[in-house]
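Novice: Pasting a structure here, questions to come.
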Amino acid sequence: QLERALSKDDILSLYLTLAPYGGNLEGIRAASFAYFGKEPRRLTLGETALLVALPQSPEYRRPDRHPERARAARNRVLDRISGNGIFSAQELEAAKAEPVPSARKSMPLVAPHAADDARAAFSDRSIIKLTIRARL
Numbered sequence: 056q057l058e059r060a061l062s063k064d065d066i067l068s069l070y071l072t073l074a075p076y077g078g079n080l081e082g083i084r085a086a087s088f089a090y091f092g093k094e095p096r097r098l099t100l101g102e103t104a105l106l107v108a109l110p111q112s113p114e115y116r117r118p119d120r121h122p123e124r125a126r127a128a129r130n131r132v133l134d135r136i137s138g139n140g141i142f143s144a145q146e147l148e149a150a151k152a153e154p155v156p157s158a159r160k161s162m163p164l165v166a167p168h169a170a171d172d173a174r175a176a177f178s179d180r181s182i183i184k185l186t187i188r189a190r191l
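If you count by my numbering, then the sequence shown holds residues 56 to 191, one letter each, in order.
Here you go:
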């Protein structure tokens with residue numbers, strides 16, 4: 056049904072945006088920032104393989120809670136792609152040697168200057184609520 060309404064690129068885009076990555080993380084971009092602190096296009100082979108493995112069982116394989124399960128799942132992804140000829144054996148072994156993140160990183164601020172300005176203007180308040188339209 057889905058393939059009748061959407062192109063394969065659209066389906067992939069939806070999957071990459073909505074796939075679960077554990078906790079409150081949805082989408083590969085959020086997971087990339089939360090676990091590695093960078094944009095998906097800057098991920099290493101090992102980091103990418105981990106993010107490929109997580110959506111199948113995101114809570115069970117959460118690297119910050121179950122690093123051995125996450126490492127094993129990542130290595131299975133790397134083993135599966137070993138025969139495709141795109142990556143050398145050395146690249147795959149280096150990817151397997153990469154550490155699995157032990158904690159989630161802080162998410163980047165959408166408007167750090169606005170947050171700093173609000174903090175300065177309302178320093179007497181413990182909670183400051185802002186509404187920011189990032190695309191403006």
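Note that beta-carbon positions come from the ideal geometry of N, C-alpha and C, so glycine has one too.
Considering only residues of the region 76 to 154, which uninterrupted alpha helix (DSSP H) runs meet the minimum length of 4 residues and lie entirely inside it, listed in chain order?
Specialist: For the region 76 to 154, whole alpha helix (DSSP H) runs of length 4 or above, ordered along the chain, are 83 to 91, 100 to 108, 122 to 136, 144 to 152.
Novice: Under DSSP, the alpha helix (DSSP H) around K63 begins and ends at which residues?
Specialist: Taking the sequence shown and counting its residues from 1, one reaches residue 63 at position 8. From DSSP, the alpha helix (DSSP H) with K63 extends over 63 to 73.
Novice: Could you spell out where the alpha helix (DSSP H) holding R59 opens and where it closes?
Specialist: Stepping through the sequence shown from its first residue, residue 59 is reached at position 4. First-last of the alpha helix (DSSP H) with R59: 57 to 60.
Novice: With a Cβ-Cβ cutoff of 7 Å, do I183 and A173 count as a contact?
Specialist: Start at 1 with the first residue of the sequence shown, and residue 183 comes out as number 128. Start at 1 with the first residue of the sequence shown, and residue 173 comes out as number 118. Against a cut-off of 7 Å, the Cβ pair of A173 and I183 comes out as a contact.
Novice: Since R188 and Y90 are thought to touch, with beta carbons under 8 Å apart, how far apart are those beta carbons, to the nearest angstrom?
Specialist: Position 133 of the sequence shown, counted from the first residue, corresponds to residue 188. Position 35 of the sequence shown, counted from the first residue, corresponds to residue 90. With a Cβ gap of about 27 Å, R188 and Y90 do not count as contacting.
Novice: Quick one: what's got a C-beta closer than 6 Å to Y76's C-beta in the same chain, skipping five residues either side?
Specialist: Here residue 76 is taken as the residue at index 21 of the sequence shown, counted from 1. Here the set comprises A86, L109, P113.
Novice: Find out if the Cβ-Cβ distance for the pair P163, P118 is shorter than 7 Å.
Specialist: On the sequence shown, position 108 is the one that residue 163 refers to. On the sequence shown, position 63 is the one that residue 118 refers to. Result no, Cβ atoms of P163 and P118 do not sit closer than 7 Å.
Novice: Output needed for G82: all residues of its chain with C-beta closer than 8 Å, excluding positions within five of it in sequence on either side, in chain order.
Specialist: Along the sequence shown, read from residue 1 onward, the residue named residue 82 stands at position 27. So the list reads L71, T72, L73, A74, Y76, once near-sequence residues are dropped.
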